[in-house]
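What follows is one structure encoded as structure tokens, with my remarks underneath.
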Amino acid sequence: MSAIRVHALVAGHVQGVGYRWFVRGLADSAGLSGWARNLPDGRVEVELEGPADTVRAVVAALDGPRAPGAVTAVVHEERAVQGGSGFTTA
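Using full-length UniProt numbering, count along the sequence shown one by one with no gaps and you end on 90.
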């Protein structure tokens, strides 16, 4: 199975509610690499890399019923695979 990398911007009430840690838990459980960080405009920026089906499943969960806060939009795009391991939050 081929790897993909997805960049996502998550809007809504997603800062100060444990959202980045939620994403980290999803990524760690799925064995994905990448990162999540808060942006000054209130959104959370996420990059996920790993097997295509697994990345797509985690992206679908970014605004799922278990997501903390109140997600109003998730905009995502595929990017070039970079390799790497682990997931970090900033």
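The beta-carbon is built from N, C-alpha and C at its ideal position, and this holds for glycine as well.
Same chain only: Cβ atoms within 6 Å of residue i, ignoring 5 sequence neighbours per side
| i | result |
| --- | --- |
| Ala73 | Ala11 |
| Pro68 | Val17, Gly18, Tyr19 and Phe22 |
| residue 137 | Nothing can be reported for residue 137, as the shown portion of the chain is limited to 1 through 90. |
Three-way DSSP call (helix, strand, coil) for residue i in this model
| i | result |
| --- | --- |
| Val23 | helix |
| Arg56 | helix |
| Ala30 | helix |
| Gly8 | Note that residue 8 is Ala in the sequence shown here, rather than Gly. Of the three classes helix, strand and coil, the one that applies to Ala8 here is strand, per DSSP. |
| Ala67 | coil |
| Ala36 | strand |
Exposure of residue i, with buried meaning 16 or more beta-carbon neighbours within 10 Å
| i | result |
| --- | --- |
| Arg24 | buried |
| Gly34 | buried |
Contact under 9 Å by Cβ, residue i with residue j
| i | j | result |
| --- | --- | --- |
| Phe22 | Arg79 | no |
| Asn38 | Glu45 | yes |
| Ala36 | Ala57 | no |
| Gly52 | Ser2 | Looking at the sequence itself, residue 52 is Ala, so the reference to Gly does not match. Contact flag set, yes. |
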